[in-house]
Ligand SMILES: C[S@@+](CC[C@H](N)C(=O)[O-])C[C@H]1O[C@@H](n2cnc3c(N)ncnc32)[C@H](O)[C@@H]1O
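In our numbering, the protein residues as written are 183 to 714.
See below:
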């Protein structure tokens, strides 16, 4: 039993120790073990909300935090539930410096600490008794930092303990959540602070199904990536609160976005059926104040009906293959093996790109990409200057890259026709500000993979062939796609960086195209009928 004053002073010491331990580790060390502590205010807010939803059902608490750090969540549990209600408490921590600190700070207040890897502790037949309350902020370790054997071990373990098959692209937090839930008591409560990425990407599908079918998901609160109130570590994070019990029929989940868990900016109740059908969960609540909400009408025409969307080319080494046109000329490289290419979006100021007589963009210092299909012996004989330049690839290590290594000849690029419209592939932007820009390309330049290339297709292509002047209207309509729509279909990464893949751009509503040219709507309809 510990009184409140004693608890407060332990919490103050914890914060000081946490700051010291963090300062003693480099950014990459902290990343390797996912060491970003939960601010205590937030831990308290999460614990408080969990108490509200649990009501009296947790009369005696058996607490666990599977990656306890210095114990921010245990400290919060003491504040919210009081030590007299806590019957048992366990923290597991892989890093002895954190584990020892947690034991020193909270041992007297009833916390047992095991210094070990949680995923191994939970796998043992002699694992510790099951908790009925888990408050956790697991390590955010991405899949490519998990060794192959570790990944296989974790996948097999989750398959055994949860009966769930996990996609190998999942980060460690997915395994943590599933394993800890398998370990916990039936009817227990859990709150997890995790990255929101799983809500939108393919690898999140298994976890989403688990949250729909196997537990009763009560609350999903996503922080606003632009809201810096909790510091960088919380960017793109979500809090999930659930009870370990199958959901009742007609269950609805409270989804909220922005503000705090207690006072969110927007909230809505979402039926499990809606969640089951939704590709992305970050679009809930569907409200313009949600940075990911999308007014896209799923049944209406989409950009994908009118454009084939394709990433620009990946050269394998832009520094080597892309050069200024003037430089290519000065070096005497043959014109036919240099293709105009747009500079990276950072260096492209204009959104309407005009062309010179050779198809090069009328911009400062236009660029070209080396793209040649001649076999090496012919190239060597016929074009010495280009051949000599290409010989420098060896010492620069250009040919060691995966992309370059698998091409024949290795200096031949992926083939793309110039696209009349492009969209930048990544960027920042909140509220009305659009994270991506559309470009009207009237030159013969292609784009690198920092662009998506939009090739008009079907009825739109036919219309543009007949009436070239309509291209300006097409560009104007693309310019009306809102920041909300773009963010809603794209995905957001830590730090608020948005990206959009070709299929995602293709899903954006093109209703405005049909409003302007109703004949396009009829054409889309007919294609739809073919597949019905
Ligand atoms: C995101 S921090 C959260 C710490 C603490 N729960 C909090 O909320 O402040 C994740 C913690 O997990 C620990 N960790 C990393 N891998 C682990 C593993 N396999 N088993 C147990 N703990 C681990 C890290 O050392 C780090 O302290």
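Ideal placement from N, C-alpha and C gives every residue a C-beta, glycine not left out.
Sequence-distant Cβ neighbours of residue 403 in its own chain, meaning closer than 7 Å and more than five residues away, are 420, 421, 438, 443, 446. When the beta-carbon positions are compared, residue 531 and residue 635 stay at least 8 Å from each other.
Within the stretch 645 to 706, the complete alpha helix (DSSP H) runs of at least 4 residues fall at 652 to 660, 665 to 671, 684 to 688, 693 to 698. Residue pairing by DSSP puts residue 294 in a beta bridge opposite 272. Around the CB of residue 242, fewer than 16 other CB atoms lie within 10 Å, so the residue is classed as exposed. Using a C-beta cut-off of 8 Å, the stretch 198 to 206 makes contact with the stretch 244 to 260, since at least three inter-stretch Cβ pairs fall below that distance. Taking 8 Å as the cut-off, the beta carbon of residue 285 is found no closer than this to the beta carbon of residue 245.
Taking the Cα of residue 387 as reference, the smallest distance to any Cα among 306, 190, 350 is reached at 350. In the DSSP assignment, the residues bridged to residue 522 are 550. Here the distance from the Cβ of residue 217 to the nearest heavy atom of ligand 1 is below 7 Å.
Contact fails between the stretch 324 to 339 and the stretch 264 to 284, because fewer than three Cβ pairs, one in each stretch, are under 8 Å apart.
For residue 319, the Cβ falls inside the 7 Å cut-off from some heavy atom of ligand 1. Taking C-alpha positions only, residue 592 is separated from residue 586 by approximately 5 Å. Residue pairing by DSSP puts residue 373 in a beta bridge opposite 317, 423. Cβ atoms of residue 260 and residue 189 come within 8 Å of each other, at about 5 Å. Secondary structure note for residue 451: its beta strand (DSSP E) is the uninterrupted segment 446 to 453. Of all C-beta pairs linking the stretch 391 to 406 to the stretch 262 to 269, fewer than three are shorter than 8 Å, placing the two stretches out of contact. Here the C-alpha atom of residue 642 lies approximately 8 Å from the C-alpha atom of residue 489. In this structure, the CA atom of residue 696 is about 5 Å from the CA atom of residue 703. Here residue 352 is buried, its C-beta having at least 16 other C-beta atoms within 10 Å. When secondary structure is reduced to three states using DSSP, residue 246 falls in the strand class.
For residue 355, the three-state secondary structure derived from DSSP is helix. A heavy atom of ligand 1 is found nearer than 7 Å to the CB of residue 280.
Of the candidates 568, 482, 347, the residue whose Cα lies closest to the Cα of residue 512 is 568. Residue 628 and residue 495 do touch by the CB rule: their CB atoms are close to 6 Å apart, below 8 Å. Residue range 254 to 263 is occupied by the alpha helix (DSSP H) that includes residue 254. In the three-state DSSP reduction, residue 403 falls in the strand class (E or B). Taken through DSSP and simplified to helix, strand or coil, residue 636 comes out as strand. Bridge pairing for residue 439: 404, 448 [DSSP]. Within the same chain, Cβ atoms closer than 8 Å to the Cβ of residue 619 are found at 527, 533, 605, 606, 609, the five residues on either side in sequence being excluded. If you draw a straight line from the Cα of residue 379 to the Cα of residue 348, it is about 15 Å long. In this structure, the C-beta of residue 301 approaches ligand 1 to less than 7 Å from one of its heavy atoms.
Residue 586: member of the alpha helix (DSSP H) spanning 584 to 587, first to last residue. Counting the other CB atoms within 10 Å of its CB gives residue 497 a total of 16 or more, which places it among the buried residues. In the DSSP assignment, residue 285 falls within the unbroken alpha helix (DSSP H) covering 278 to 288. Annotation: residue 360 to residue 340 spans about 7 Å, alpha carbon to alpha carbon.
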